[in-house]
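> Here the protein sequences line up with chains A and B, keeping their order. Residue numbering for the first sequence follows this note's numbering, starting at 8 and increasing by one per position. Residue numbering for the second sequence follows this note's numbering, starting at 8 and increasing by one per position. Positions of the beta carbon are idealized from the N, C-alpha and C atoms, including for glycine.
2 protein chains.
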Amino acid sequence: MSEILQQVKTPKSELKSRIKRLQAEMAREEVSAVLIMQQADKFYFSGTVQDGVIFVPVDDKPVFMVRKSLKRALEESELEKIVSFKSYGQMPTILKENGIENISRVGLEMDVMPVLIFNKLCSVFSGSEIIDASKYIRKIRMTKSHFEIQTMKKAGEILGKAMKAVPNLLTEGMTEVELAAETEIILRKSGHQGIIRMRKWNQECFYGLVLSGESGAISNYMDAPLGGMGPCPAAPRGASQRKIKKGEPIIIDMVSAYNGYVVDCTRTFYLRKLEEKLVKALNVSLEIQKVTIERFTEGVNLKDIYDMAWNMAKDANLDEYFMGHGDSKVKFLGHGVGLELDELPVIAENFDFILEKNMIVAIEPKFLFPDQGAVGIENTWASKKGRPEKITDIEDNLV
Amino acid sequence: MSEILQQVKTPKSELKSRIKRLQAEMAREEVSAVLIMQQADKFYFSGTVQDGVIFVPVDDKPVFMVRKSLKRALEESELEKIVSFKSYGQMPTILKENGIENISRVGLEMDVMPVLIFNKLCSVFSGSEIIDASKYIRKIRMTKSHFEIQTMKKAGEILGKAMKAVPNLLTEGMTEVELAAETEIILRKSGHQGIIRMRKWNQECFYGLVLSGESGAISNYMDAPLGGMGPCPAAPRGASQRKIKKGEPIIIDMVSAYNGYVVDCTRTFYLRKLEEKLVKALNVSLEIQKVTIERFTEGVNLKDIYDMAWNMAKDANLDEYFMGHGDSKVKFLGHGVGLELDELPVIAENFDFILEKNMIVAIEPKFLFPDQGAVGIENTWASKKGRPEKITDIEDNLV
């Protein structure tokens, strides 16, 4: 086993507790079995992303049927029952061999599973009622264990190295892509895993965003306040060939990923002075972060935090620019992170949700000014009984 | 409009011809309309990936309904009818306004579309029969235009810069990740778009693979001969923390992506001498490439090329190691590339397919030796009436 695997392998106790929590949801909803296939979900319940299907019965140990690589699945996963399989059609036989019969209600990841695969599974389980299991999975994954939080802090450390290097890398006249490349190589060499997973269809993330001046106010297909031109229309997000100038905001929104877990963080930089209006907006975003964090604690309703942030932007006469402008305004202030960048819970308009402890949210008050750019702050936080824990333990002011 | 957009914008004539070819397939199969939503398909038929749905009627101009960003879709796409929309429920009204009624058979991208979105669309088009349109789309996308081939050659140029730099970057004792990071920064600064798209569910690609010694023989969840340990179990593919040694093969399999289009290329490097057996296998892979390319021409059956390559490996007593070993052997020699890394056609076992001109395939004869690593070659080729055109115009021997 490689050294890194020894360090990061998901412990058996973690897998057991995750499966137990899923089975509790299943029992409540009278679901006989759930099939786990998507990369992030598979990693969560097995500790590996090797190609296969985890069959979780409501009252027995899961059977992990692996197509490729079986050898690596056996090395990487602490699940007890790991067997080889080649096609979906073999599943009923394998399940029978493992003493599993009478599957009346089967849950599938219907929010992410392509229709043609779903149709195949429907014919394999033609005697069963098929339901959507994604709501149970997403609910369970919201609450993070100590092991998960420690992994996310490591992702935060990696991110800190790159963010702290920015003031030394940044020079007038370099392009956004050049600055992005220089920060990305730091992330990569520090242990960033490369791939960043998102759950929602057609959403994509490559490292993060390095946006200068008006780039910061350009939106795109993503459900996020910041966008940027990107290198080309086929990848219209993030750094472009635009040259960085003095006196404009340079906003860097970076995503780190370490052994599956992502954390998200934004800092605003500039060369020489920023215009008064932008400095004021940056200070308001820091103030919103401060007040939000004071309230981000077990028992709070997230919708109230959202409303409060909006009122603060209004009181500062900056609501027109808060979290976007015009058509491209988004209606959230924060998003859950974990194995995916777009997890639950969110801090959003009408998202009526009582926060529990150990939920991890990236909170990102930002202001976007057309033609001038974006300023703001973002950190990833773990909710606690009292004050939240800062997962991206990096100074807020790096200029 | 940005400078880069002017250079790479998909011309109106391209979009027209693509839609015309789709409509011809639709007419043949009596499909009234096809909805295009997935990133790569959307880019192909509109020139943008902004969030929206392209509704293609069998006998009229497409209506592109855009959610976000409408402004950018209008800038980036040469489609004529681009309208704003907020939810799927609005579609029937928008279509009526555009004179489109009587939709009896609707095609959706059922190979990639998540079930919950499919279910929503089924209720929006509850009076229509729903069929899978992905087979038509994938078929049309196989044949590349001059514009597409030129874009892919540009992707090849970017890749050439990184590959040619490897001999100067490579030193004993550096880790695979360090070498990967140094080549990735060259790709990124040269115009690589970052994101690499794959069609098949749960398949992922981040730049490419830098594998030394036994890493070259480690397989994983991907449907590919090479895998590698990767940085961690959550991203178990590509470069790891392994230190590069003298006398072992260092195989670099890199994917470039420029304005949507990907090309794929592999070179084998080493510090000092390689063992006789590995040198022989590398030479056989070059010989297989040579003979394959002679046959890779309009009218050939791709299955025959596959069989021929296998026979060459057998004749050299190397079939045990060809395209993997043991359980992890793959049953193809080449794969189509374009807007996605896993396009059609493939050169594979029993893939009975007559090659037409302007189809682009990455052909990758490789040998994997357990505990020793991998050697081989890969280039991306465009089929022609005669000899194919090399899209990855890089010397085969860079050592």
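Counting only runs that start and end within the region 154–206 of chain A, where is the beta strand (DSSP E) found for 3 or more residues in a row?
You should have found no qualifying run.
> For A/Trp208, name the three-state secondary structure that DSSP assigns.
DSSP, reduced to helix, strand and coil, places A/Trp208 outside both helices and strands of the structure shown, so it counts as coil.
> Could you give the uninterrupted runs of the alpha helix (DSSP H) lying entirely in the region 66–133 of chain A, keeping only those of 4 residues or more?
77–83, 98–104 and 122–131
> Grab the span of the alpha helix (DSSP H) containing A/Ser292 for me, first residue to last.
Glu283 to Arg302
> Would you mind stating whether B/Asp326 and B/Trp317 have Cβ atoms separated by less than 8 Å?
yes
> Since A/Leu348 contacts A/Met117 with CB under 8 Å, what's their CB separation in whole angstroms?
In fact, because the Cβ distance is near 21 Å, the residues do not count as touching under 8 Å.
> Note down the Cα distance separating A/Phe132 from B/Phe358, rounded to an integer number of angstroms.
30 Å
> Going by alpha carbons, who is nearest to A/Ser76 out of B/Ala231, B/Thr304 and B/Val353?
B/Ala231
> Nearest-angstrom Cα distance between A/Glu350 and A/Ile367?
9 Å
> Just verifying my parser: in three-state terms, what is the DSSP assignment at A/Ile373?
Contrary to the premise, residue 373 of chain A reads as Lys rather than Ile in this sequence. In the three-state DSSP reduction, A/Lys373 falls in the strand class (E or B).
> What does A/Phe50 reach in chain B if we use C-beta pairs closer than 7 Å?
Those are Ala241, listed as they occur along chain B.
> What are the partner residues of A/Ala264, as DSSP defines its beta bridges?
According to DSSP, residue pairing for A/Ala264 in a beta bridge involves A/Val269.
> Would A/Val56 and A/Gly114 be called neighbours here (beta carbons separated by less than 8 Å)?
no
> Compute the distance between the beta-carbons of B/Phe62 and B/Leu102, then report whether it is under 8 Å.
Result yes, Cβ atoms of B/Phe62 and B/Leu102 sit closer than 8 Å.
> With a threshold of 8 Å between beta-carbons, can B/Arg25 be considered close to chain A, or not?
no
> Quickly, what does DSSP pair A/Thr387 with across the bridge? List them, please.
A/Ala369
> Can you grab the Cα-Cα spacing for the pair A/Lys373 / A/Tyr95, in whole Å?
47 Å
> At which residues does the alpha helix (DSSP H) containing B/Asp378 begin and terminate?
No alpha helix (DSSP H) holds B/Asp378; DSSP gives it neither H nor E.
> Near B/Leu194, what residues of its chain come up, given a Cβ to Cβ distance below 8 Å and the 5 sequence neighbours on each side ignored?
Ile165, Leu166, Lys168, Ala169, Tyr214, Met261 and Ser263
> Sorted by chain position, which residues of the same chain lie with C-beta nearer than 8 Å to A/Leu176's C-beta, five sequence neighbours on each side aside?
Leu186, Glu189 and Thr190
> Which of the three DSSP states, helix, strand or coil, is assigned to A/Ala140?
coil
> Check the Cβ of A/Glu185 against every Cβ in chain B and list those closer than 7 Å, keeping chain order.
The answer, in chain order, is Lys196.
> Quick check on B/Gln13: buried or exposed, where buried means 16 or more other Cβ atoms within 10 Å of its Cβ?
exposed
> Enumerate in chain order the residues of its own chain whose CB-to-CB distance from A/Asp139 is below 6 Å, with the five nearest sequence positions on each side excluded.
Met117
> Kindly indicate the opening and closing residues of the beta strand (DSSP E) around B/Leu22.
No beta strand (DSSP E) holds B/Leu22; the alpha helix (DSSP H) holding it covers Lys19 to Arg35.
> Look at the alpha carbon of B/Lys287 and the alpha carbon of B/Gly180, and state the distance between them as a whole number of angstroms.
26 Å
> What is the DSSP secondary structure of B/Glu350, counted as helix, strand or coil?
B/Glu350 falls in the strand class under three-state DSSP.
> Can you tell which of A/Ser197, A/Glu155 and A/Asp334 has its C-alpha closest to the C-alpha of A/Tyr268?
A/Glu155
> Which residue's Cα is closest to the Cα of B/Phe276: B/Glu108, B/Glu183, B/Gln296 and B/Leu123?
Taking B/Phe276 as reference, the option from B/Glu108, B/Glu183, B/Gln296 and B/Leu123 with the minimal CA-CA separation is B/Glu183.
> Considering just the uninterrupted stretch of the beta strand (DSSP E) at B/Asp58, what are its terminal residues?
Asp58 to Pro64
> Closer than 8 Å, CB to CB, is A/Asp334 near chain B or not?
yes
> Which first and last residues belong to the alpha helix (DSSP H) in which B/Ser53 is found?
Counting along the chain, B/Ser53 sits inside the alpha helix (DSSP H) bounded by residues Gln46 to Ser53.
> Out of curiosity, what's the CA-to-CA distance linking A/Glu136 and B/Ile137?
So the two alpha carbons sit approximately 22 Å from each other.
> Could you name the residues of the region 50–78 of chain B whose beta carbon sits closer than 7 Å to any beta carbon of chain A, in the order they occur along the chain?
Answer set for the region 50–78 of chain B: Phe50, Gly54, Thr55, Val56, Gln57, Asp58, Lys75, Ser76 and Leu77.
> Looking at C-alpha atoms only, which residue of B/Ile144, B/Ile225 and B/Lys280 is the closest neighbour of B/Gln30?
Sorting B/Ile144, B/Ile225 and B/Lys280 by C-alpha distance to the C-alpha of B/Gln30 places B/Ile144 at the top.
> Taking the DSSP output, what are the residues bridged to A/Ile43?
Beta-bridge analysis with DSSP links A/Ile43 to A/Ile61.
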